[in-house]
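Residue numbers (full-length UniProt numbering): 1 to 304.
Every residue gets a Cβ at the ideal spot worked out from N, C-alpha and C, and that includes glycine.
From a predicted model like this one, the values you see are computed outputs, not experimental measurements.
Comments concern the structure below.
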């Protein structure tokens, strides 16, 4: 059901992008405003991003196989990365259209009628973006959250264009139109950079958020009271999938069966607290000094 929900939202995003693209380009055609053109251009990015997002969530749902033994959940970062890159391209197109108009300002035709189409598109994006962001946070979907933030950026873009075009219509200062378009381009660039940063952090195996790490530590603390020691705690995110690993140091006189049961209990507790988590444990004896040396990712081999 989770995957069905994610795909449904991506299909809704595609439909919304088609509708808003049509109404906003109609607004631009009526007015000739480069401000409205900048708003419409971002809708094209919305469409491409939604298509990429649909592909990403579909691929991320595929189970692990021989070639991808940890699953396909990282594919969602391709979506946010592609969306960030497309946003930057859209900003360059907007600037390309706005700079000549900055040098040679032109009047805006039928400003109020054109704006009405643009506002309609913004309302559609705003409502869908709110639902997508809520669902994206609930399901920890990078793709849904990236698309939602982009839709909200589109709403803010429309709001800026609305103010700019209204000022042009009221004051006849036609140079305000390209200035607004360039400000919109700057805002879009900032959104694109944030999405690319998010993609980079994901691809670099960034640790779990502090609140998730705290839950893991709280669970381990209950077992530390029983004399068990933990170290080499590591975590990373791969889309919605969490990965947690650590070493469990127990008294050497314990049987393998007893140590294994404790590891199973701890792993189960973490999975229940943090759904969609893969937990790896490594059992070590307290009496062996080597157990306490085995902390770093790489270390010199110890000769027995």
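Original post:
Taking DSSP as the reference, what is the three-state secondary structure of residue 284?
Top reply: Counting from 1 along the chain shown, the entry for residue 284 is found at position 284. Here residue 284 sits in strand by DSSP.
Subject >> Local conformation of residue 72 per DSSP, three classes >> reply: As a working note, residue 72 is residue 72 in the chain shown. Of the three classes helix, strand and coil, the one that applies to residue 72 here is coil, per DSSP.
**OP:** Compare the beta carbon distance of residue 281 and residue 248 with 8 Å and say whether it is the shorter of the two.
**Re:** Taking the first residue of the chain shown as position 1, residue 281 is located at position 281. Taking the first residue of the chain shown as position 1, residue 248 is located at position 248. Yes, Cβ-Cβ distance for residue 281 and residue 248 is below 8 Å.
Original post:
residue 266 to residue 95, Cα distance in whole Å?
Top reply: The residue labelled residue 266 in the question sits at position 266 within the chain shown. The residue labelled residue 95 in the question sits at position 95 within the chain shown. About 55 Å.
Original post:
Taking three-plus beta-carbon pairs below 8 Å as touching, is the segment 179-189 in contact with the segment 127-143?
Top reply: no
Subject >> Alpha-carbon spacing of residue 308 relative to residue 263, whole angstroms >> reply: Beyond the ends of the chain as shown, which are 1 and 304, falls residue 308; an answer cannot be given.
**OP:** Report the residue from 127, 287 and 83 whose alpha carbon sits nearest the alpha carbon of residue 188.
**Re:** Numbered from its first residue, the chain shown carries residue 188 at position 188. Looking at the Cα atoms, 83 is the closest of the given residues.
Original post:
Using CA coordinates, which residue listed in 227, 257 and 221 is at the minimum distance from residue 269?
Top reply: Here residue 269 refers to the residue found at position 269 of the chain shown. Checking every option, the nearest Cα to that of residue 269 belongs to 221.
Original post:
Taking all protein chains shown into account, do 16 or more other C-beta atoms lie within 10 angstroms of the C-beta of residue 218, making it buried, or fewer, making it exposed?
Top reply: Position 218 of the chain shown, counted from the start, is the residue given in the question as residue 218. Residue 218 is exposed by the Cβ-count criterion.
Original post:
DSSP state of residue 260, grouped into three classes?
Top reply: Residue 260 sits at position 260 when you count from the first residue of the chain shown. In this structure, residue 260 counts as helix in the three-state DSSP scheme.
Original post:
Quick one: is residue 276 buried, meaning 16 or more other Cβ sit within 10 Å of its Cβ, or exposed?
Top reply: Translated into positions along the chain shown, residue 276 becomes position 276. Exposed is the call here.
**OP:** If I'm right that residue 143 touches residue 80 with Cβ under 8 Å, what's the distance once you round it to whole angstroms?
**Re:** On the chain shown, residue 143 is found 143 positions in, with the first residue counted as 1. On the chain shown, residue 80 is found 80 positions in, with the first residue counted as 1. Confirmed, about 7 Å.
Subject >> Cβ neighbour criterion (16 or more within 10 Å) applied to residue 13 >> reply: Within the chain shown, numbered from 1, the residue matching residue 13 stands at position 13. Counting Cβ neighbours within 10 Å, residue 13 comes out buried, since at least 16 surround it.
Original post:
Can the beta-carbon of residue 237 be found closer than 8 Å to that of residue 202?
Top reply: For this step, residue 237 is matched to residue 237 along the chain shown. For this step, residue 202 is matched to residue 202 along the chain shown. Taking 8 Å as the Cβ cut-off, residue 237 and residue 202 qualify as a contacting pair.
**OP:** Work out the CA separation of residue 260 and residue 231 for me, nearest whole Å.
**Re:** Numbered from 1 along the chain shown, position 231 holds the residue referred to as residue 231. Numbered from 1 along the chain shown, position 260 holds the residue referred to as residue 260. Roughly 17 Å separates the two Cα atoms.
Subject >> Residue from 213, 91 and 147 with nearest C-alpha to residue 274 >> reply: Working through the chain shown from its first residue, we reach residue 274 at position 274. When only C-alpha atoms are compared, the closest one is 213.
Original post:
Of the choices 123, 50, 286 and 295, whose alpha-carbon is the least far from that of residue 245?
Top reply: Translated into the one-based positions of the chain shown, residue 245 becomes position 245. Minimum Cα distance to residue 245 is reached at 295.
Original post:
Would you say the segment 57-64 touches the segment 22-30, given that touching needs at least three Cβ pairs under 8 Å?
Top reply: no
Original post:
In three-state terms, what does DSSP make of residue 232?
Top reply: By 1-based counting over the chain shown, the position of residue 232 is 232. Strand, per DSSP.
Original post:
Do you know whose CA, among 254, 226, 207 and 131, lies nearest residue 241's CA?
Top reply: Within the chain shown, numbered from 1, the residue matching residue 241 stands at position 241. Of the listed residues, the one whose Cα sits closest to residue 241 is 207.
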